[in-house]
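Visitor: This is the structure I have questions about; it appears just below.
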Amino acid sequence: MPEMTSLERCMTVLHGGIPDRVPVCLENFMHAAQVSGYTIRETCLDGAKMAEAQLTAWQKFGHDMIDLENGVAALAQAVGCGVEFNDDAAPWVIAPALESLEQVDQLRPIDPYQDGTLPEMLKATRLIAQEVGRHVCLLSEADQGPFSLAAQIVSPQEFLIALLEPQKEALVHRLLEYAYEQVLRYARALSEAGAHLTMMGESIAGPDVCSPRVYRRFAFPYQQRLIETLRAEGKEIGMHICGNATKIIEPMVNTGSIFCRLITKSITTCASRPPGAKPP
């Protein structure tokens, strides 16, 4: 088999083919900052430094896919959440955008080219795509998926409690619809900036926090629609769910996501089952 470029190698696997060797992706935005001599705060807030850090790490390690991100609070900040940035840790949400779910209609659409740190992610995406995008696969993460972003907007506690209150279901779906639209806007902008694909994180939607029934009812429909909408435009998005996602792997796959990123808790559980066994 002829040697593939890193981009060819990744795309071959993502579309179900056999590559010349196993491709490697590093989820390393904090380590990349350290390797390049910047603080995590600097690379999260400055797109040029963010790109330089990732390219420095790529030159050092030679991985096939560059995983570009600036934490898990970029969209939350863009919609109005309070976010704290740190020199030696990822940014995190310190205050919700809304005091209550009943304020959902006060939310405004984001502008990925103006709001929060989203423009810096777009800048970094363009710089990396221009530098190595012809032969290295660029994954620019679209931050949180609709379910997790909705939880950040009103606070995880209020959101999760509202899921169990029938009288608030309409409000929950209005919030999820809003969150879906913002993730879609951001994912489109990243793809148009030069990313080969993007990704959403849905940590709060997983079985370590929510039941599979809650996942299927409140998270799955918005994830599936997001993936289908982007694919119809020629854009691809993957999905990551933290924790042991074994019980929802089947619906995760059924979203149509081009890939599902799992962590060790899921992988070891799946690997320990006999061949052909159904998820527990």
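All residue numbers for the sequence shown refer to the working numbering, where the first residue is 1 and numbers rise by one.
Yeah, the Cβ is synthetic: ideal placement off N, Cα and C, and Gly gets one too.
Candidates Thr125, Leu26 and Val24: which alpha carbon is nearest methionine 50's?
Guide: With distances taken between Cα atoms, methionine 50 lies closest to Thr125.
Visitor: List the residues that DSSP assigns as beta-bridge partners of threonine 198.
Guide: By DSSP's assignment, threonine 198 forms a beta bridge with Ser140 and Ile237.
Visitor: Could you check where the alpha helix (DSSP H) with serine 7 kicks off and where it finishes?
Guide: Checking the sequence, you will find leucine at residue 7 rather than serine. Residues 6-14.
Visitor: Please go through the same chain and pick out, in chain order, the residues whose beta-carbon is closer than 8 angstroms to the beta-carbon of glycine 256, but skip the five residues on each side of it.
Guide: Gln224, Ile227, Glu228 and Arg231
Visitor: From methionine 199 to glutamine 167, what does the alpha carbon distance come to, in whole angstroms?
Guide: 32 angstroms
Visitor: Could you give the distance in angstroms between the alpha-carbon of threonine 5 and the alpha-carbon of methionine 65?
Guide: Near 11 angstroms, if we compare the C-alpha coordinates of methionine 65 and threonine 5.
Visitor: What's the gap between the Cα of valine 22 and the Cα of valine 132?
Guide: 20 angstroms
Visitor: According to DSSP, is glycine 82 helix, strand or coil?
Guide: Here glycine 82 sits in strand by DSSP.
Visitor: Any idea what DSSP makes of isoleucine 94, helix, strand or coil?
Guide: For isoleucine 94, the secondary structure class from DSSP, reduced to helix, strand or coil, is strand.
Visitor: So does the stretch 7-14 actually touch the stretch 134-146, counting three or more Cβ pairs closer than 8 angstroms?
Guide: Enough Cβ pairs lie closer than 8 angstroms, so yes.
Visitor: Can the beta-carbon of lysine 235 be found closer than 9 angstroms to that of arginine 188?
Guide: yes
Visitor: Here's the rule I'm using: 16 or more other beta-carbon atoms within 10 Å means buried, otherwise exposed. How should methionine 1 be labelled?
Guide: exposed
Visitor: Secondary structure at isoleucine 18, three-state DSSP: helix, strand or coil?
Guide: coil
Visitor: Can you name the start and end residues of the beta strand (DSSP E) that methionine 65 belongs to?
Guide: 65-68
Visitor: Measuring CB to CB, does isoleucine 110 end up less than 9 angstroms from tyrosine 180?
Guide: no
Visitor: Suppose the cutoff is 7 angstroms on Cβ atoms and the five residues either side in sequence are ignored; what does the same chain contact list for arginine 216 look like?
Guide: Pro251
Visitor: I need the straight-line Cα distance from arginine 261 to isoleucine 241, nearest angstrom please.
Guide: 7 angstroms
Visitor: Where does leucine 107 sit, in a helix, a strand or coil, going by DSSP?
Guide: coil
Visitor: Taking the Cβ atom as the reference point for each residue, do proline 355 and lysine 247 lie within a distance shorter than 9 angstroms?
Guide: Only positions 1 to 280 of the chain appear in this structure, which leaves residue 355 out of reach.
Visitor: Take glycine 238 and list the residues in its own chain whose beta-carbon comes closer than 6 angstroms to its own, dropping the five residues that flank it on each side.
Guide: Met199, Ser257, Ile258 and Phe259
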